[in-house]
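One structure is given below, encoded as structure tokens.
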Amino acid sequence: MDPYQTYTVKQLFEQLAQTRERREAEQLLGEIIKRYEKPLVGKLRTLIPYNEDLIAQVLNDVFMDVWKKRRTLASVETPRAWLLQVLSFKVSDAFRKRKNNEEYMGNIPQDYFEIPENHPDFDEERYRRMEERIQEAIERLPLMRRTIFTMKKLDGFSIEGIARMLKLKEQTVKNHLYLAKLQLRKILKKSRKEGWK
Amino acid sequence: MYDPRDIKHIIRRGLKGTFTAQDVAIFKSAQMIYEENELLEMEMDVLEELEAELPGVMPEPSMDAETIIRTEMHQCIRCRLIKGMRVGGGIAALWLIWLGIMAINDWWSEQTVPSAYEKLVTAGDRIPSSEFACTIYWGNSATIVGKESRGRLGRFGDKELRRRDNGELELVQLPSQFAFSTGHQPDIRVITGAQQQCAVWLPDGSLIRLDAASDLSFPMEKRSAPNTEIGLTGRALIRVHEHADQHPRTVLLHTPNGSLATQEGEFAVLANRTDTRVTLLGGRVEAQFPIDNGYRILTNTGDQVTYDRCCTDVQGNINMILSEVTRTDPWQAVTWTTRERNYRNVSLREFVLEMNRTYNLGVKSVNCIPEQKTITASIHFKDPVGKIYGYIREAGLAMYESNGMISFCGPEFDPGRPRYPNRVSDSLDLMDVLHSRDLLAAVPR
Numbered sequence: 001m002d003p004y005q006t007y008t009v010k011q012l013f014e015q016l017a018q019t020r021e022r023r024e025a026e027q028l029l030g031e032i033i034k035r036y037e038k039p040l041v042g043k044l045r046t047l048i049p050y051n052e053d054l055i056a057q058v059l060n061d062v063f064m065d066v067w068k069k070r071r072t073l074a075s076v077e078t079p080r081a082w083l084l085q086v087l088s089f090k091v092s093d094a095f096r097k098r099k100n101n102e103e104y105m106g107n108i109p110q111d112y113f114e115i116p117e118n119h120p121d122f123d124e125e126r127y128r129r130m131e132e133r134i135q136e137a138i139e140r141l142p143l144m145r146r147t148i149f150t151m152k153k154l155d156g157f158s159i160e161g162i163a164r165m166l167k168l169k170e171q172t173v174k175n176h177l178y179l180a181k182l183q184l185r186k187i188l189k190k191s192r193k194e195g196w197k
Numbered sequence: 198m199y200d201p202r203d204i205k206h207i208i209r210r211g212l213k214g215t216f217t218a219q220d221v222a223i224f225k226s227a228q229m230i231y232e233e234n235e236l237l238e239m240e241m242d243v244l245e246e247l248e249a250e251l252p253g254v255m256p257e258p259s260m261d262a263e264t265i266i267r268t269e270m271h272q273c274i275r276c277r278l279i280k281g282m283r284v285g286g287g288i289a290a291l292w293l294i295w296l297g298i299m300a301i302n303d304w305w306s307e308q309t310v311p312s313a314y315e316k317l318v319t320a321g322d323r324i325p326s327s328e329f330a331c332t333i334y335w336g337n338s339a340t341i342v343g344k345e346s347r348g349r350l351g352r353f354g355d356k357e358l359r360r361r362d363n364g365e366l367e368l369v370q371l372p373s374q375f376a377f378s379t380g381h382q383p384d385i386r387v388i389t390g391a392q393q394q395c396a397v398w399l400p401d402g403s404l405i406r407l408d409a410a411s412d413l414s415f416p417m418e419k420r421s422a423p424n425t426e427i428g429l430t431g432r433a434l435i436r437v438h439e440h441a442d443q444h445p446r447t448v449l450l451h452t453p454n455g456s457l458a459t460q461e462g463e464f465a466v467l468a469n470r471t472d473t474r475v476t477l478l479g480g481r482v483e484a485q486f487p488i489d490n491g492y493r494i495l496t497n498t499g500d501q502v503t504y505d506r507c508c509t510d511v512q513g514n515i516n517m518i519l520s521e522v523t524r525t526d527p528w529q530a531v532t533w534t535t536r537e538r539n540y541r542n543v544s545l546r547e548f549v550l551e552m553n554r555t556y557n558l559g560v561k562s563v564n565c566i567p568e569q570k571t572i573t574a575s576i577h578f579k580d581p582v583g584k585i586y587g588y589i590r591e592a593g594l595a596m597y598e599s600n601g602m603i604s605f606c607g608p609e610f611d612p613g614r615p616r617y618p619n620r621v622s623d624s625l626d627l628m629d630v631l632h633s634r635d636l637l638a639a640v641p642r
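Residue numbers (the numbering used here), protein chains in the order written: chain A, 1 to 197; chain B, 198 to 642.
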């Protein structure tokens, strides 16, 4: 039995960062590939349909990046999210490299995360209503949470910056943010039950 | 609606391409509540779920850790090689550029940077060559070269003398049909008198600048061809260029008590009957003097060697001494080329000797000038001799004239000359006595 099967992905990343043994590192990378190759291929198929060669190349690049950056992997907080981010960068790179090819011009796929506001499916009015609801929910947060949440989400300050400005510890800011999001979800869930659509 | 499960459902629809307008709006607004990492984690959950739900649809894994590691290693090696080649190429390029710069610099130096001689000739504070004058002797003929002389000045056997526009003389070798051999041919002699200087280009391309009271002899007979032999008495600045010939040519300079040889060099020579001093400005000069271990090589700018009298032995023979090669300021050896010579607290003896050379004062001896006496003076090359006398008198030195010669040792008495009247003090200035200025006053009544 593979000893690394029971490891979480975070543990795999940390172990890969620490180990100096080539064989162990190889096994750890193999385990990461084994776990995430298929999900990543699934994602790639939504981004680059009908181009298995390019998919294979991008996938190869993603795991190559994991290997190259293995010494810094211990600092990755959310490894799975990190893998998807790397994937996104590699897809962009692959398309940029082929930019001169007419076939790909203007055909760069977009992640559904990056929904443009002029997308045909985008309902401006509905989005605005939802935003208002969220704003109302935000206003119902306690003062400190509201302030921190607003600074982070609307004003775009970093956690470090907020901590410095409000003279708080970074962990306190993170806690406030976590609680604010939890409370917002509760408020919004409650609003929906009350009949809001 | 903003529950993670709901969001995951929306992501699932997004991945399947079945996003609705409501999904888009919810997902966009959810980005305010959820961090990007959280949404990505949710997305990964969904992808894993999808993969678990449709195992047959996805292809078998094709990635292999070993292959990736090997590929990365190859890439790394290639990357390092390319980097190394770039660095090597860069160094090679820099080296080539450096070589190119050095070559251009050398070429440019040859083209534009004047040699020590040219610096002297062209520098603003040097005596211009248009002022040059001298006399050329060949056998019984004499050619006086003045400031106004121009063009072809004469022919000496198969050599022709010309004066360039800049005032320099040029000895040109004529074609062989002009050559004639009727036995011994006298040397060509270039002689400078008082307050005269002269520059002569020899047929081999050597350039010799003569100070006042100098004598350059150039043999018409090719004694040691292809080498050039010349003789010098006096003071000169000599430039010898290296020849492009396969066999190196040497210029041999004979002084009254030594000889100097060079294939390429610039040097100043002070060649008197009793002493020789050589100062190197550039190149290499070999000096040979008639004394044990009398061979010296001068290779660095400023190298100087002096061959001079040192002492007299018990039999009354004068012994000579040859100094080691010492480093001096080379420009001091060529101050005689300047328009204005400035002397600050220099030895009066040195000053008198220098002026004697330039103005041909006829100084008999400087031994009577006190050694510790110094003088500060500024002499322009056109200053009259009277100014020199003035400086010497100002320094507190009495001059006595005898048979056209100047002495600093007091009046001289020789048997062939009437003596002073009785009781006339010998300490009186002879000039005054001769001009009867103090004679009556001196004679007791």
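The beta-carbon is built from N, C-alpha and C at its ideal position, and this holds for glycine as well.
- Around ILE279 of chain B, no beta-carbon contact reaches into chain A at under 7 Å, the shortest distance being about 16 Å.
- The CB of GLU263 of chain B comes closer than 7 Å to the CB of GLU26 in chain A, given here in chain order.
- Between the beta-carbon of THR509 of chain B and that of ASN542 of chain B there is about 30 Å, and that puts the pair past the 8 Å contact cut.
- Distances from the alpha-carbon of ASN490 of chain B to those of B:ARG481, B:TYR504, B:GLY480 and B:THR498 put B:TYR504 closest.
- Annotated three-state conformation of PHE13 of chain A is helix, per DSSP.
- The C-beta of SER338 of chain B has fewer than 16 other C-beta atoms within 10 Å across all chains shown, which makes the residue exposed.
- Classified as buried, TYR556 of chain B has 16 or more neighbouring CB atoms from the shown chains inside 10 Å of its CB.
- When C-beta distances to chain B are compared with 9 Å, the residues of the stretch 64-78 of chain A below that value are MET64, VAL66, TRP67, LYS68, GLU77 and THR78, in chain order.
- The beta carbons of GLY364 of chain B and SER414 of chain B sit no closer together than 8 Å.
- Annotation for SER75 of chain A: no residue places its beta carbon closer than 7 Å to its own, counting only its chain and skipping 5 residues before and after.
- Within the stretch 19-48 of chain A, the residues whose Cβ lies closer than 9 Å to some Cβ of chain B are ARG22, ALA25, GLU26, GLN27, LEU28, LEU29, GLY30, GLU31, ILE32, ILE33, LYS34, ARG35, TYR36, GLU37, LYS38, PRO39, LEU40, VAL41, GLY42, LYS43, ARG45 and THR46, listed in chain order.
- Not one beta carbon of chain B lies nearer than 8 Å to the beta carbon of GLN57 of chain A.
- In the same chain as GLY354 of chain B, and ignoring 5 residues on each side of it, the C-beta atoms closer than 6 Å to its own belong to GLN382 and MET417, in chain order.
- If you draw a 10 Å sphere on the C-beta of CYS507 of chain B, you find fewer than 16 other C-beta atoms in it, and that means exposed.
- Look at MET596 of chain B here: in three-state DSSP terms it is coil, with no helix or strand label.
- If you look at PHE157 of chain A, you'll find it isn't in any alpha helix (DSSP H); DSSP assigns it neither H nor E.
- For GLN15 of chain A, the closest Cβ of chain B is not nearer than 8 Å.
- Pairing THR459 of chain B with VAL522 of chain B, the inter-Cα distance amounts to about 16 Å.
- Between GLY343 of chain B and ARG359 of chain B, the gap from beta carbon to beta carbon reaches 8 Å or more.
- In the three-state scheme derived from DSSP, where H, G and I count as helix and E and B as strand, GLU21 of chain A is classed as coil.
- Shown here, GLY214 of chain B sits in coil according to DSSP, grouped into three states, outside any helix or strand.
- The stretch 77-93 of chain A makes contact with the stretch 229-243 of chain B; the number of CB pairs closer than 8 Å reaches 3 or more.
- Between the stretch 38-49 of chain A and the stretch 12-23 of chain A, the count of Cβ pairs shorter than 8 Å is below three; the stretches do not touch.
- The criterion of a C-beta distance shorter than 8 Å is satisfied by MET130 of chain A and ALA222 of chain B.
- Where ASP93 of chain A is concerned, the enclosing alpha helix (DSSP H) starts and stops at 79-97.
- The CB of ASN51 of chain A never comes closer than 7 Å to any CB in chain B; the least such distance is about 14 Å.
- Here the C-alpha atom of VAL58 of chain A lies approximately 29 Å from the C-alpha atom of ALA227 of chain B.
- When the five nearest sequence neighbours on each side are left out, the beta carbons in the same chain lying within less than 7 Å of the beta carbon of PRO445 of chain B are those of GLN460, in order along the chain.
- Of all residues in the stretch 177-188 of chain A, only LYS181, LEU184, ARG185 and LEU188 place a beta-carbon less than 7 Å from a beta-carbon of chain B.
- Cβ-Cβ distances below 7 Å link MET144 of chain A to HIS176 in the same chain, with the five nearest sequence neighbours on each side left out; the list follows chain order.
- When C-alpha distances from GLU483 of chain B are compared across B:ALA468, B:PHE464 and B:ASP472, the shortest belongs to B:PHE464.
- For a Cβ distance threshold of 7 Å, nothing in chain A lies close to ALA289 of chain B: the least Cβ distance comes to about 30 Å.
- Shown here, PHE63 of chain A sits in a helix according to DSSP, grouped into three states.
- Among the residues of chain B, those whose CB is under 8 Å from the CB of ILE134 of chain A are SER226, MET229 and ILE230, following chain order.
- Residue burial annotation: VAL549 of chain B is buried, with at least 16 other C-beta atoms found within 10 angstroms of its C-beta.
- Between VAL437 of chain B and GLY455 of chain B, the C-beta spacing is not below 8 Å.
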